[in-house]
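Enquirer: Residues in the sequence shown are numbered consecutively from 4, following the working numbering.
The structure that follows is given in the form of structure tokens.
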Amino acid sequence: MGCCSSRVERVEIVSRCKARKKYMKQLVKARQAFSVAHSLYLRSLRGTGSALFQFANAETKLHHTRRPHHHAPPPLLPSPTPPPPPPPMSPSSDTWTSITASPALPPPPPPPLASSTWDFWDPFVPPSSSRSVNEEWEEATMTASEAVVTATAAASSTPPPSVVSGFSKDTTTTSERAMVVARNSKDLVEIVKELDEYFLMAADAGGQASSLLEVSSASFSGQSSKEGKFYNHGFNFSQSLWTWGLSPNSNGFGKFGGEMHGSGVMGGGIAVGSHCSTLERLYAWEKKLYQEAKIAETLKIEHEKRVEQLRSLEIKRADYMKTEKSKKEIDKLESQMMVASRAIETTSAEIVKLRETELYPQLIGLVQGLMCMWRSMYECHQVQTHIVQQLKYLNTIPSTEPTSEIHRQSTLQLELEVQQWHQSFCYLVKAQRDYIESLVSWLRLSLFQISKNPLSRAAQESRIYSLCEEWHVAVDHIPDGVASEGIKSFLTVIHAIVVQQADELKQKKKSESAFKDLEKKVTQLRSLESKYGPYSMPGSSGTTGSKYPVAEKRAKVEILRAKAVEEKTKHEKSVSVTRGMTLNNLQMGFPHVFQAIVGFSSVCTQAFESVYNKAKSADDELNVKRILA
């Protein structure tokens, strides 16, 4: 029996059905992972914006930003000139080409310090090597920023072919919004507040795709999610100190969610069912088909065996009753084979029906949703690139206020949120690739007939296969590494601030410790002075033992006093370094990350527009043929 089962498994049709079942099972899991990754990425955008706002608030309380006329009379800075409207993007390009560095985003010079020099990148390098460290900044960010600045300059100045209204307040274009936000100089909190608003808009843009992927509140719980492996690698959103800005009923998306009126409804109002349910039903049918294929092959093998036995009986002119019994068994097997064949045909027809009438429209809707999402995200991140240009117009008065505990916590939280932004971005890219890979693998097998015939002409012309192959190629060619490195470079910038704040705290403790030691020794000196007198000399009464007890103690106190003053000076300098490098690191880090994500969003928009337009064109052509037929 085991031998027969092994033989059945090796039959081409059975092995193909087994592979189909395997890929569909992978697809069911991949959809769930894609849904979780999608929701986590939207949440990371909200979390990054919120953490930036908290960080800016804490920093501004220490480092007051002033307009130029509020202090010494330096020459007035010219108002920032908004960039001209960018030329239209070539629809045919799906890589970052025609790339030049954007003159609108030069790296701002470090703010001058009157009493000390500091390095914005590595606070542990001596002040004399400040210039060499700035060169280190260029080298350290070359892998990310060279590709980012180069790769995204064209993308950040060229919008996708068609721009739709993706903003909640009005329908102004990206360039018009850029003119508005760049008109007046603002302080750090005002600038970051605008960035936060556009992070929220970018997160809201994923609502349509969220509906189609059926993002649910269960997707947000690392403990209950089947994708637990992802959460076990330091990516737990429950660690956040602040809320995500989501209402309990928002399901991870905002204003765009209303466009769908519930999952499973396309823009045209055609009900196509639940994507999750469709895949689960397809998986159930694939399991059934696999079992039916095994039964059919088992019957076929048994039939061949019985036919061979009958031939042998007839050759030997065996007993009539044995021969007739063998014939009846063969007839019964043939009837069972016919039933099995019809069952396979029925199951195959159900799979085709689900594939063409439910799955295909769902995939079209999902591609459309992703196209709209990345187009809107492109617009939001494009505006953010203009917003951060205002950072270079900030004029600061060096602050002597030390970093507070609240500010340290807000910086650590910002580092955590940016880290989660980076990780969720990588997870989203991987989850989508796994999803489309499983889908294409299943389609390549499911479009074969349940026979040894090659792909039929109808299968070759299948709309769903063409759609998914285009999607697969597009996703494989999206340069996500540049965007990933851009976010990672921003994380490095934030980490440098965290390190400097820790160094400042360490120096503060050393200063406090030195003053405590000084206070203790001063108390001992006062005690000696009261016992021997403040000016005890050799030969004076009561000077037995040590010759000069008061003088020696006073000398030690003076040494400690000098050390305490030195530690205090170091702490004050460390505070100055922290305050200065914080703004400078933001000025250097912000442009890179937004240029990177603008470029990625632009390429994604073009890729999904191309996939969607080709699919719609094929559908329109098919409809015309049906009308003319």
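For every residue, glycine included, the Cβ atom is placed at its ideal position computed from N, Cα and C.
(1) Would you mind working out which of Asp622, Val14 and Asp199 sits nearest asparagine 60, comparing C-alpha positions?
(2) Would you tell me roughly how many angstroms separate the C-alpha atoms of alanine 206 and tryptophan 424, rounded to the nearest one?
(3) Please report how far the alpha carbon of phenylalanine 597 lies from the alpha carbon of valine 478, in whole angstroms.
(4) For a quick check, are the C-beta atoms of leucine 336 and threonine 326 less than 7 Å apart?
(5) Quick one: what's got a C-beta closer than 6 Å to proline 405's C-beta in the same chain, skipping five residues either side?
(6) According to DSSP, is serine 465 helix, strand or coil?
(7) What distance in whole Å lies between the Cβ atoms of isoleucine 490 and glutamate 359, which are believed to be in contact at a cut-off of 8 Å?
(8) Since I believe threonine 608 is in contact with arginine 436 (beta carbons under 8 Å), could you give me their beta-carbon distance rounded to a whole number of angstroms?
(9) Roughly how many angstroms lie between the CA atoms of tyrosine 551 and lysine 559, to the nearest whole one?
(10) Go ahead and pull the three-state DSSP assignment for valine 14.
(11) Taking the straight line between their C-alpha atoms, what separation do you get for glycine 372 and glutamate 575?
(12) Quick one: what's got a C-beta closer than 8 Å to methionine 340's C-beta in the same chain, skipping five residues either side?
(13) By a C-beta neighbour count over all protein chains shown, 10 Å radius and 16 as the cutoff for buried, is serine 444 buried or exposed?
(14) Please determine if the segment 493-507 and the segment 518-532 are in contact, where contact requires at least 3 C-beta pairs separated by less than 8 Å.
(15) Considering Cα atoms alone, identify which of Arg309, Phe56, Tyr201 and Met376 is closest to serine 42.
(16) Got a sec, what are the start and stop residues for the alpha helix (DSSP H) glutamate 217 sits in?
(17) What separation, rounded to the nearest whole angstrom, lies between the Cα atoms of serine 148 and alanine 599?
(18) Please name the residue, chosen from Glu12, Asp622, Glu624 and Cys429, that lies closest to valine 294 on a Cα-to-Cα basis.
(19) Among Arg309, Lys290, Leu285 and Val386, which one has its Cα closest to the Cα of asparagine 353?
(20) Measure the beta-carbon distance from glutamine 365 to histidine 475 and round it to whole angstroms, keeping in mind my assumption that it falls under 8 Å.
(21) Do the CB positions of glycine 592 and phenylalanine 493 come within less than 7 Å of each other?
(22) Check this for me: beta carbons of leucine 397 and isoleucine 497, under 7 Å apart or not?
(23) Below 7 Å between beta carbons: does that hold for alanine 26 and serine 465?
(24) Sorted by chain position, which residues of the same chain lie with C-beta nearer than 8 Å to valine 421's C-beta, five sequence neighbours on each side aside?
(25) Mapping DSSP to helix, strand and coil, what is lysine 509?
(26) Quick test of your reading: leucine 470 and alanine 618, contact by CB under 8 Å. State the CB separation rounded to the nearest angstrom.
(27) So, helix, strand or coil for arginine 411, using DSSP?
(28) Provide the residue span of the alpha helix (DSSP H) that contains alanine 352, from first to last.
(29) How would you label arginine 49, buried or exposed, when you count the other beta carbons within 10 angstroms and need 16 or more for buried?
(30) What is the rounded straight-line gap between the Cα of valine 370 and the Cα of glutamate 612?
(31) Please report the straight-line C-alpha distance between aspartate 639 and serine 344, rounded to a whole angstrom.
(32) Helix, strand or coil, according to DSSP, for glycine 489 in the structure here?
(33) Rounded to the nearest angstrom, how far is the Cβ of methionine 380 from that of serine 604, given a contact under 8 Å?
(34) Glutamate 361 lies in the alpha helix (DSSP H); which residues open and close that run?
Expert: Here's the rundown:
(1) As a working note, residue 60 is residue 57 in the sequence shown. Asparagine 60 has its Cα closest to that of Asp199, out of Asp622, Val14 and Asp199.
(2) On the sequence shown, position 203 is the one that residue 206 refers to. On the sequence shown, position 421 is the one that residue 424 refers to. Roughly 12 Å between the two C-alpha positions.
(3) For the purposes of this step, residue 597 is taken as residue 594 along the sequence shown, with counting starting at 1. For the purposes of this step, residue 478 is taken as residue 475 along the sequence shown, with counting starting at 1. Those two C-alpha atoms are separated by around 21 Å.
(4) Here residue 336 corresponds to residue number 333 of the sequence shown, with the count starting at 1. Here residue 326 corresponds to residue number 323 of the sequence shown, with the count starting at 1. Going by C-beta atoms, leucine 336 is not nearer than 7 Å to threonine 326.
(5) Here residue 405 refers to the residue found at position 402 of the sequence shown. Here the set comprises Val578.
(6) Here the question's residue 465 lines up with position 462 in the sequence shown. Reduced to three states, the DSSP call for serine 465 is coil.
(7) By 1-based counting over the sequence shown, the position of residue 359 is 356. By 1-based counting over the sequence shown, the position of residue 490 is 487. That belief does not hold up - the Cβ atoms of glutamate 359 and isoleucine 490 are roughly 40 Å apart, past 8 Å.
(8) Here residue 436 corresponds to residue number 433 of the sequence shown, with the count starting at 1. Here residue 608 corresponds to residue number 605 of the sequence shown, with the count starting at 1. 18 Å between Cβ atoms; not a contact.
(9) As a first step, residue 551 is located in the sequence shown; it is residue number 548 there, counting from the start. As a first step, residue 559 is located in the sequence shown; it is residue number 556 there, counting from the start. Roughly 12 Å separates the two Cα atoms.
(10) Against the sequence shown, residue 14 aligns to sequence position 11. Three-state DSSP puts valine 14 in coil, outside helix and strand.
(11) Translated into positions along the sequence shown, residue 372 becomes position 369. Translated into positions along the sequence shown, residue 575 becomes position 572. The alpha-carbon atoms of glycine 372 and glutamate 575 are separated by roughly 53 Å.
(12) Here residue 340 refers to the residue found at position 337 of the sequence shown. These residues qualify, in order along the chain: Ala299, Leu302, Lys303 and His306.
(13) Here residue 444 corresponds to residue number 441 of the sequence shown, with the count starting at 1. With 16 or more other Cβ atoms within 10 Å, it is buried.
(14) no
(15) Sequence index remark: in the sequence shown, residue 42 carries index 39 (1-based). Nearest C-alpha to serine 42: Met376.
(16) If you number the sequence shown from 1, residue 217 lands on position 214. Neither: glutamate 217 is in no alpha helix (DSSP H) and is coded neither H nor E.
(17) Position 145 of the sequence shown, counted from the start, is the residue given in the question as residue 148. Position 596 of the sequence shown, counted from the start, is the residue given in the question as residue 599. Here serine 148 scores only 37 on pLDDT, less than 50, and its place in the model should not be relied on; the value that follows carries that caveat. Cα-Cα distance, rounded: 8 Å.
(18) Residue mapping note: residue 294 aligns to position 291 of the sequence shown, counting from 1. Before going further, note that residue 294 is glutamine rather than valine in the sequence given. The shortest Cα separation from glutamine 294 among Glu12, Asp622, Glu624 and Cys429 belongs to Glu12.
(19) Mapped onto the sequence shown, residue 353 falls at position 350. Here residue 353 turns out to be glutamate, not asparagine, going by the sequence shown. Of the listed residues, the one whose Cα sits closest to glutamate 353 is Leu285.
(20) On the sequence shown, residue 365 is found 362 positions in, with the first residue counted as 1. On the sequence shown, residue 475 is found 472 positions in, with the first residue counted as 1. Not a contact, Cβ separation roughly 17 Å.
(21) In the sequence shown, counting from the first residue as 1, residue 592 sits at position 589. In the sequence shown, counting from the first residue as 1, residue 493 sits at position 490. Result yes, Cβ atoms of glycine 592 and phenylalanine 493 sit closer than 7 Å.
(22) As a first step, residue 397 must be located in the sequence shown, where it is residue number 394. As a first step, residue 497 must be located in the sequence shown, where it is residue number 494. Not closer than 7 Å, so no.
(23) Along the sequence shown, one-based indexing puts residue 26 at 23. Along the sequence shown, one-based indexing puts residue 465 at 462. One point to set straight first is that residue 26 is tyrosine, not alanine, in the sequence displayed. Cβ atoms of tyrosine 26 and serine 465: not closer than 7 Å.
(24) For the purposes of this step, residue 421 is identified with residue 418 of the sequence shown, where counting begins at 1. Thr51, Ala54, Ile490, Phe493, Leu494 and Ile497.
(25) Within the sequence shown, the letter at position 506 stands for residue 509. It is helical.
(26) As a working mapping, residue 470 is identified with position 467 in the sequence shown. As a working mapping, residue 618 is identified with position 615 in the sequence shown. Right, the Cβ-Cβ distance comes to about 5 Å (below 8 Å), so this counts as a contact.
(27) Walking along the sequence shown from the start, residue 411 turns up at place 408. In this structure, arginine 411 counts as helix in the three-state DSSP scheme.
(28) To locate residue 352, count along the sequence shown from 1; it is residue 349. Unbroken alpha helix (DSSP H) run through alanine 352: 323-357.
(29) Mapped onto the sequence shown, residue 49 falls at position 46. Buried.
(30) In the sequence shown, residue 370 corresponds to position 367, counting from 1. In the sequence shown, residue 612 corresponds to position 609, counting from 1. Roughly 8 Å between the two C-alpha positions.
(31) One cannot answer for residue 639 here, as it falls past the ends of the chain, which runs 4 to 632.
(32) Counting from one through the sequence shown, the residue named residue 489 turns up at place 486. Correct three-state label for glycine 489: helix.
(33) Mapped onto the sequence shown, residue 380 falls at position 377. Mapped onto the sequence shown, residue 604 falls at position 601. Right, the Cβ-Cβ distance comes to about 5 Å (below 8 Å), so this counts as a contact.
(34) Here residue 361 refers to the residue found at position 358 of the sequence shown. Here glutamate 361 belongs to no alpha helix (DSSP H), and DSSP marks it neither H nor E.
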